[in-house]
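First residue of the sequence shown? That's 883 in the working numbering, and the numbers climb one at a time after it. Ideal Cβ positions, reconstructed from N, Cα and C, are used throughout, including at glycine. Data block below; observations after.
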Amino acid sequence: MNINSRRGTKQSAARHHSHLDRCIQLFLLSTAAIIVIAYYYFISSTALQSTAATNNNSGDHKHDNDELRNHNIRGGTNEVTTTTNIQKAKATIGYAITVSGCPKTNASGMLDGAAVLKHSIHLNSIHSSSSQYDYQMYALVHPSAESCATLQLAPLGYQILVRDVPVPLQEIEGDYLRNKVPKNGCCGDKEFVKLHAYTLMEHPVVVHLDLDTLVLKPMDALYDVMMDGVTPHTTTKKNKNNGGIEVAFNDPMPQQQPINAFFTRDYNMAHPGMKHAGVQGGFLVLRPSMEVYEEFREIIRKGDFRQNGGWGGMGFGPFYGSMTFQGIIPYFYDYLHPGTGVELDPCTYNNMATNPRDKPTRNDIVSGNCRNGYNRPEFNDECEDCRSRPVEEIFTTHFTLCQKPWECHAQDGDRIQERLCRKFHGEWYRVREDLETSMWKRGVVDLADTDEMTKVRGGRFQPQQFRGYCKGPGANGYIPITLPDSGVLVKAT
């Protein structure tokens, strides 16, 4: 064998193995680089998708907000604190109003009332506060009001639902109810249109409010209890066992079954000898249910309302509106389904600045018996005066005794009722100003510069209170809301 030949073979093999090793090293390095690049691409893509999904969630239900704002509307300034809120809503609450007819006078009550009410809900939703809940607005409209309601409410972002009465008048079997209900209360049998709120099944909770109400604080505690049940809550001794909710008479919250409704009662309409006080028709938090809606229909169709005994002869009437919403709701939750509805403290929810006693208040000194003691004798001489509650503790107000804010009532007398009513009206105008300046980008004015305010907004009557939207006292002095030039309320939906 040729030794030189064998040596050459070994050298060739060595060179071959060296080349192969380099190839393997390059392959491994290339593979590692590809893996690293793919990993970072995957991470970046996932992050972008997560951000996009969060942004989509925060923009659900067509609220069209470029920025999600946190407005401090109680401070009396025009400053707006803007925060980015990427939290996903726990649920979307349905808010419904009912329009039973077109206004015959002062049309501002519909457009202006609906616009400011909706913005107050917005300010106390996930979009502008610490609330966990989103919202969707509905207008339950009787066919006779379709033309005016659609024209004024649709541009505000209300979903228009034209609904007739649940039971036609001629189908009511009870003669007394059939003959008397058309003229009962404010709106007769059209008041039953409110019951269609129970059919909004796409929401876990629906809040029905009158147009002349205002939301002042988030009502998450109510929604949490209806969705999750009563849970311990760190709050005052007064309501620590009620999920942080102030219940009327400090009664304990029912624990055995789900709570399907929250309401307040209208003790201002109570009278001695009555067995049951009616609910206040401008505030009802309910759990939607087609079964419940059909049960209400059967109650109305049967028409067992008695002249001296009310619904079912059980004392749910007669009183103002007892044949319709104000009477049928307590009949349902107090008698037919006890323990499923909860009466709230009217000082914190649906506060109307009412006199709690049956005699006049003079020099801020109350007298007489407690109206809420008519059917709770143990409280005949113990009732809180809701007119003394700080506004900061109140969740919603209802402009009944305080009169409508779009009528420019000064309410500047030094009496207990006027002092609270003036604060409520001031809150309404504060919300209107926030709607026009921060949402519609209209001019911000210095409240101390009356000439500038008059030039920009048109009014100079009590500028610190009415913020340039009143030219003088009374309905004729009010300056109505005007829609933006496009005819659509930008960012209001």
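{"query": "So, C1268 versus P1238, is the Cβ gap smaller than 9 Å?", "result": "yes"}
{"query": "On the criterion of 16 or more Cβ atoms from any shown chain inside 10 Å, does N1190 qualify as buried, or is it exposed?", "result": "exposed"}
{"query": "Counting only beta-carbon atoms, is Y1105 nearer than 9 Å to chain C?", "result": "The structure shown contains no chain C; it holds only a single protein chain."}
{"query": "Figure out for me which residue from G1255, P1220, P1048 and D1186 has the closest Cα to the Cα of M1151.", "result": "G1255"}
{"query": "Straight-line CA distance for R1312 to N1132?", "result": "32 Å"}
{"query": "Between V1174 and Y1105, is the Cβ-Cβ spacing less than 9 Å?", "result": "no"}
{"query": "For the 8 Å Cβ check, are there 3 or more pairs between the region 1082-1095 and the region 1188-1204?", "result": "no"}
{"query": "Assign Q969 to buried or exposed, taking buried as 16 or more other Cβ atoms, counted over all protein chains shown, within 10 Å of its Cβ.", "result": "exposed"}
{"query": "From what residue to what residue does the beta strand (DSSP E) around D1240 run?", "result": "R1239 to R1244"}
{"query": "Thinking C-alpha only, which one of M1234, T1146 and N1142 is nearest S1171?", "result": "N1142"}
{"query": "Determine the direct distance from the alpha carbon of R1304 to that of A1292, and round the result to whole angstroms.", "result": "7 Å"}
{"query": "Identify, in the order they occur along the chain, each residue of the same chain with its Cβ nearer than 6 Å to the Cβ of I1298, setting aside the five sequence neighbours on each side.", "result": "D1246 and R1269"}
{"query": "From the DSSP secondary-structure annotation, give me the bridge partner or partners of Y1360.", "result": "C1352"}
{"query": "What span of residues does the alpha helix (DSSP H) with M992 cover, start to end?", "result": "S990 to L1005"}
{"query": "In this structure, does DSSP put M1205 in helix, strand or coil?", "result": "coil"}
{"query": "Secondary structure at L1077, three-state DSSP: helix, strand or coil?", "result": "helix"}
{"query": "So, at 8 Å on beta carbons, what are the nonlocal neighbours of G1272 in its own chain, with the 5 sequence-adjacent residues on each side left out?", "result": "The sequence shown places Pro at residue 1272, not Gly. If we look at P1272 and ignore the five residues flanking it on each side, it has no Cβ neighbours."}
{"query": "Is the Cβ-Cβ distance between V1075 and G976 less than 9 Å?", "result": "no"}
{"query": "Can you check whether the CB of T974 is closer than 9 Å to the CB of A1021?", "result": "no"}
{"query": "Determine the contact status of L1218 and A1130, defining contact as a CB-CB distance below 9 Å.", "result": "no"}
{"query": "What does the alpha-carbon distance come out to for the pair A978 and D1016?", "result": "14 Å"}
{"query": "Of the choices F1306, M1135 and R1258, whose alpha-carbon is the least far from that of F1277?", "result": "F1306"}
{"query": "Exposed or buried, which one is D1263 when buried takes at least 16 other CB atoms within 10 Å?", "result": "exposed"}
{"query": "Can you give, in chain order, each stretch of the alpha helix (DSSP H) that sits fully within the region 1118-1205 and has at least 4 residues?", "result": "1172-1184"}
{"query": "With a Cβ-Cβ cutoff of 9 Å, do W1322 and P1366 count as a contact?", "result": "yes"}
{"query": "Among K986, Y1215, M992 and A971, which one has its Cα closest to the Cα of P1362?", "result": "M992"}
{"query": "Tell me whether S1204 is buried or exposed, calling it buried when 16 or more other Cβ atoms sit within 10 Å of its Cβ.", "result": "buried"}
{"query": "Per DSSP, D1016 forms a beta bridge with which residues?", "result": "T974"}
{"query": "Please confirm whether M1135 and Y1231 have their CB atoms less than 9 Å apart.", "result": "no"}
{"query": "Quick check on the DSSP output: the beta strand (DSSP E) that includes T1278 runs from which residue to which?", "result": "T1278 to H1280"}
{"query": "Buried or exposed: K1000, going by 16 or more other Cβ atoms within 10 Å of its Cβ?", "result": "buried"}
{"query": "Can you name, in chain order, every residue of its own chain whose Cβ lies under 7 Å from the Cβ of A1031, other than the five neighbours on each side?", "result": "V981, A1021, V1023 and I1042"}
{"query": "Quick check on the burial criterion: 16 or more other C-beta atoms within 10 angstroms. Buried or exposed for Q1034?", "result": "buried"}
{"query": "On a Cα-Cα basis, can you pick out the residue from W1310, C1290, Y1040 and Q1018 that is closest to L1098?", "result": "W1310"}
{"query": "Alpha carbon to alpha carbon, how far is G995 from S1002? Give it in angstroms, no decimals.", "result": "11 Å"}
{"query": "Is S1011 helix, strand or coil by DSSP?", "result": "coil"}
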